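A short worksheet on the structure shown next.
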């Protein structure tokens with residue numbers, strides 16, 4: 013764990029739009045897997061990526077790699093800006109069925125309702141792919157949550173409370189996790205020990221400085237939200253406003 017040092021970054025640092033020029037063309041620009049592009053088409057979205065998607069790609073996957081902070085709501089529009097990118101990256105890094113207990117992508121939420129909303133978006137997008145998503149939240153019995161996690165799965169959609177439980181019980185490993193998404197952070201409670209949570213994730217293989225990006229999404233990045241975010245801050249980041 014000593015090799016992972018928090019940068020404790022809080023303040024806004026917006027993407028340098030003035031130096032970024034790109035011709036919006038097609039998702040092929042990212043060498044994206046055809047099956048994922050087909051899912052984008054099936055969802056009704058344009059196959060010409062948003063300018064924000066190009067910016068996210070550059071931020072997440074071109075050196076020096078950075079995390080992304082999205083100022084906005086986690087609705088379907090925001091979801092489609094980044095999800096095909098991180099799914100393509102995760103399945104490219106791990107093309108085979110993942111090992112048990114080794115999620116490739118983790119979504120963290122403050123409430124079961126928020127987790128279910130994200131879960132439904134993922135299921136809707138991946139229904140024609142061989143992608144398995146596990147859901148874990150505190151509004152159902154833990155044995156029901158764990159039943160979904162007994163088989164290999166690619167994506168975990170969970171709540172803070174349940175992720176703390178899974179860390180405490182050593183249920184998950186994070187060695188293969190390539191993206192952690194912090195959803196609707198303006199609703200996260202300030203009295204939770206997020207440093208303890210991330211320290212436990214580090215002990216179980218999480219590598220946020222070089223192998224895993226963090227995408228933080230919040231309608232408001234006020235003082236409380238920024239203080240929470242800094243516990244997940246092992247890379248520099250760029251801020252993006254999807255309200256514009």
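Residue numbers (this note's numbering): 13 to 256.
Note that the Cβ used here is the ideal one computed from N, Cα and C, for glycine as well.
Small disclaimer: the values here were computed from a predicted structure and weren't measured.
- The shortest CA-to-CA distance from residue 66 to any of 179, 91 and 35 is the one to 35.
- When the five nearest sequence neighbours on each side are left out, the beta carbons in the same chain lying within less than 6 Å of the beta carbon of residue 38 are those of 59, in order along the chain.
- In the assembly as shown, residue 255 is an exposed residue. Its beta-carbon has fewer than 16 other beta-carbons within 10 Å.
- Residue 145 counts as buried, since no fewer than 16 other beta carbons sit within 10 angstroms of its beta carbon.
- A Cβ-Cβ separation of about 5 Å places residue 82 in contact with residue 229 under the 8 Å criterion.
- For residue 183, the closest alpha carbon among the candidates 106, 215, 18 and 198 is that of 215.
- In this structure, residue 80 sits away from residue 90, with a CB-CB distance that is not shorter than 7 Å.
- Counting only the Cα atoms, residue 118 lies some 21 Å from residue 44.
- Of all alpha-carbon atoms in 68, 113 and 200, the one lying nearest the alpha-carbon of residue 93 is that of 68.
- For residue 206, the closest of 167, 157 and 120 by C-alpha to C-alpha distance is 120.
- For residue 176, the enclosing alpha helix (DSSP H) begins and ends at 172 to 180.
- Residue 247 is not a Cβ neighbour of residue 217, given a cutoff of 7 Å.
- By the Cβ neighbour-count rule, residue 225 is buried, with 16 or more other Cβ atoms within 10 Å of its own.
- Here the alpha carbons of residue 213 and residue 227 stand approximately 16 Å from one another.
- Cβ-Cβ separation between residue 52 and residue 107: approximately 20 Å, too far for a contact (criterion under 8 Å).
- Residue burial annotation: residue 28 is exposed, with fewer than 16 other C-beta atoms found within 10 angstroms of its C-beta.
- Counting every other CB atom within 10 Å of its CB across the protein chains shown gives residue 132 a total below 16, marking it as exposed.
- In the assembly as shown, residue 76 is an exposed residue. Its beta-carbon has fewer than 16 other beta-carbons within 10 Å.
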